[in-house]
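In terms of this note's numbering, the sequence shown opens at residue -1 and continues consecutively. Note that beta-carbon positions come from the ideal geometry of N, C-alpha and C, so glycine has one too. Please read these numbers as outputs of a predicted model, since none were measured by experiment. To start, the structure itself, in structure tokens.
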Amino acid sequence: MTRLQADAASRYMAWAKLYSDARFNLAISGVIDYPLAELPVKIEDLEIGGTGPYGYEPLMERLAAKARVPKDCVVYTLGTSMANYIALSAVVHPGDEVLIEQPTYDPLLTILNHLGAKVRRFERRAEHGFRLDLEEVERQLTSDTRLVILCNLHNPSSSLTDDATMKQVGELAAKIGARVLVDEVYLETLFDQPWQSAFHLGSNFIITSSLTKAYGLSGIRCGWVLARPDLVQRMWQIVDFTYGSPVHPAERLGVIALDNLDRIRNRARSLLETNRPIVNSFLAEHPELDCAPSRFGTTVFPRLTTGDVTELAKLLRDKYETSVVPGEFFEQPQHFRIGFCGATETVREGLARLDTALKSIQ
Ligand SMILES: Cc1ncc(COP(=O)(O)O)c(C=O)c1O
């Protein structure tokens, strides 16, 4: 594909791949790549072949231990992207009613359309910091809802849903026999809190995640679904007729990454601890951007109170070599997403350029 096609399945993904790159890229949401040279990898550690029929045993063991679940509750996938596709394909049938947050990560909506789901939305309100509102979820559930979908942390706002609230979402869904799928790809950026997946909050939860965003390991695509064993079997069957087998060197790298996760986590934590105050000072100095200070995650999603976001994003990219994600890709055209998970100098300079661009459109 050479241009952004109007009929592209996920307009956001097409834009992200073709138009988001810039010298000062604030459009990313994952910690910048961890250098392979800093992992203790020897060529003998990598093999072309050797996966198991349903996952490479040493990797499956580590993923299960990390999530504190039995191995038969884990499907290994290529990133959270494939985890979402496989999990949704296993539980959503044409015509099923699915309730999903708004705004959300666009490919989730694309998969639901692809599967022929009947999509309903529950709103996360900008004026409430995109916090999950249980009453709104309850209002939008119907007796036909089969599945509720949300992201924790939320993309684009990085808002956190705590365990107590998440448990209640599970209970509301359980009352009508529905499941809850939580995309937890950003949850592991909560470095200071013990990581606990929502999988443990109720038997109707399905979780998707990966090592991609929080650790700078997007390239090895180590992802997973956590679900009850009967659903896991169905998901492995979907693997059978989609990509069949995983990439074994990537599985081996997944094992090495998991065995060295503390040092990978420390590098990500220190990057975000350095960058978060920089973006927070920037927000404090820009009253024309309506946004609470960042507490979690890798992104903020301010509202531009005066001016046009499309114009701002275009000017930023064309004149200032800087990219942000226009809110139109999250159905919020007056907002834009700033990712502060790049190299500190890139974030600093990108924000300085955003400052200049903002001044010139006001
Ligand atoms: C909510 C959400 N889920 C999944 C993904 C894709 O994750 P991965 O790189 O692990 O495939 C993204 C990427 O931006 C995301 O924001």
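The set of residues with a C-beta under 6 angstroms from any non-hydrogen atom of ligand 1 comprises S27, G77, T78, S79, Y103, C149, N153, D181, V183, S208, T210, S216, G221, given in chain order. Burial state of G325 is buried, judged by a 10 Å Cβ sphere holding 16 or more other Cβ atoms. P101 counts as buried, since no fewer than 16 other beta carbons sit within 10 angstroms of its beta carbon. Exposed is the label assigned to L34, since fewer than 16 other Cβ atoms lie within 10 Å of its Cβ. Remark: C-beta atoms of S156 and S292 approach each other more closely than 8 angstroms. One thing to note: N150 has its Cβ within 8 angstroms of the Cβ of E182. Counting along the chain, the unbroken alpha helix (DSSP H) around T163 starts and ends at 161 to 173. Secondary structure note for S358: its alpha helix (DSSP H) is the uninterrupted segment 342 to 359.
A248 sits away from L215, with the two beta carbons spaced by 8 angstroms or more.
By a beta-carbon distance limit of 8 angstroms, G337 does not contact A12. Their separation comes to about 18 angstroms.
The residue from C220, Q231, A85, Y184 with its alpha-carbon nearest to that of A212 is Y184.
Counting only the Cα atoms, V73 lies some 7 angstroms from W234. Bridge partners of I84 according to DSSP: none are assigned. Our two residues, G175 and T272, have alpha carbons roughly 44 angstroms apart in a direct line. For A63, the number of other beta carbons within 10 angstroms of its own is below 16, and it is reported as exposed. Each residue's CA atom was taken as its position, placing L110 and Q166 some 24 angstroms apart. With distances taken between CA atoms, E347 lies nearest to A20 out of L44, A20, Y10. Going by C-alpha positions, G168 is about 18 angstroms away from C71. In the DSSP assignment, N23 is bridged to S321. Of the candidates F22, Y10, V89, Y32, the residue whose Cα lies closest to the Cα of R219 is Y32. Taking a contact as a CB-CB distance under 8 angstroms, the pair V96 and R144 counts as one, their CB atoms being some 6 angstroms apart. Under DSSP, Y74 forms a beta bridge with W222.
Secondary structure at Q194: coil, using DSSP grouped into helix, strand and coil. Between R232 and A88 a beta carbon distance of about 4 angstroms is seen, short of the 8 angstroms cut, so the two are scored as contacting.
The residue from A7, I46, Q191, R122 with its alpha-carbon nearest to that of F299 is R122. Around A282, the same chain offers no residue with a beta carbon nearer than 6 angstroms, after the five sequence neighbours per side are excluded. Taking a cut-off of 8 angstroms on C-beta distances, the region 38 to 48 touches the region 239 to 253, as three or more cross pairs fall below it. Just so you know, the alpha carbons of Y54 and R60 end up roughly 10 angstroms apart. In this structure, L132 sits away from V117, with a CB-CB distance that is not shorter than 8 angstroms. Here T296 is not near G77, since their CB atoms are 8 angstroms or more apart. For S8, there is no enclosing beta strand (DSSP E), since its DSSP letter is neither H nor E. Comparing alpha carbon positions, the residue from V146, Q330, P105 closest to A7 is P105.
With a 10 Å radius around the Cβ and a threshold of 16 neighbouring Cβ atoms, E99 comes out buried.
Beta bridge pairing from DSSP links E95 with K116, T143. Between V180 and A162, the CB-CB gap reaches or exceeds 8 angstroms.
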